[in-house]
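This report concerns only the one structure given below.
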Amino acid sequence: MKIYLVQHGDSLDKDIDPERPLSDQGQKDIQLLSNFLSLLKIEVSCVYHSGKLRAQQTAESLSGHIFSKNGVESRAGLEPLDDVIPLAKEINQLKQNMMFVGHLPFMNKLVSQLVVEEEHRILVSFKPGSLVCLDKADGIDWCIAWMICPELLRE
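Counting from 1, one number per residue, gives the positions in the sequence shown under my numbering.
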């Protein structure tokens with residue numbers, strides 16, 4: 001089973017637009033990530049996002065390039081400062097691949113909680129538009145299978 005954890009793409013500053021949509025660079029980076037994911041033929045049960053515009057835009061773009069049985073949904077528990085324990089417990093009970101699009105520091109803490117059960121140990125360096133794939137290949141423990149960030153996809 002695989003879990004795909006994504007930090008939303010680069011967004012506009014709050015002073016420019018309080019809604020903080022994806023910036024032009026953020027849109028380009030998420031398109032590059034979407035194109036990359038389409039090559040992998042990823043299938044998930046659902047793509048969840050925090051409900052913030054930048055996360056929603058990221059989730060919708062990605063979902064157009066992977067197979068998501070239940071589409072894209074907003075859900076609670078993915079805000080930047082939310083407690084990671086409830087979602088980590090939920091993920092540990094899952095039987096299907098899922099994708100979650102959220103924010104820092106939440107996504108860093110979630111990876112750490114799932115992999116080493118210590119949310120304050122930073123295991124990966126998320127950048128806007130990055131994706132971490134966690135795998136539960138042995139059916140028991142999560143491991144970091146791979147990570148991709150926009151810098152690796154740009155020409």
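In this text, a Cβ means the ideal position worked out from N, Cα and C, and glycines have one as well.
Asked, Found
"Counting beta carbon pairs with one atom in the segment 71–88 and one in the segment 26–36, are three or more of them shorter than 8 Å?", "no"
"Where does residue 10 land, buried or exposed, given buried means 16+ other C-beta within 10 angstroms?", "buried"
"Identify which residue in 85, 138, 48 and 84 has its Cα closest to the Cα of residue 71.", "48"
"Of the choices 44, 89 and 22, whose alpha-carbon is the least far from that of residue 119?", "89"
"Just the Cα atoms here: how many angstroms apart are residue 121 and residue 109?", "7 Å"
"How many angstroms separate the CA atom of residue 134 from the CA atom of residue 13?", "30 Å"
"The alpha helix (DSSP H) spanning residue 148 covers which residue range?", "No alpha helix (DSSP H) holds residue 148; the beta strand (DSSP E) holding it covers 143–148."
"Buried or exposed: which applies to residue 150, given that a residue is buried once 16 or more other Cβ atoms fall within 10 Å of its Cβ?", "buried"
"Whose C-beta lies closer than 7 Å to the C-beta of residue 132 among residues of the same chain, with five residues either side of it excluded?", "5, 111, 124, 144 and 147"
"Inspect the CB distances between the segment 51–71 and the segment 100–108 and report whether three or more fall short of 8 Å.", "yes"
"Quick one: Cα of residue 154 to Cα of residue 114, how far?", "29 Å"
"Cα separation between residue 73 and residue 142?", "24 Å"
"CB-CB under 8 Å to residue 55, same chain, minus the five flanking residues each way: which ones, in chain order?", "8, 49, 78, 101, 102 and 103"
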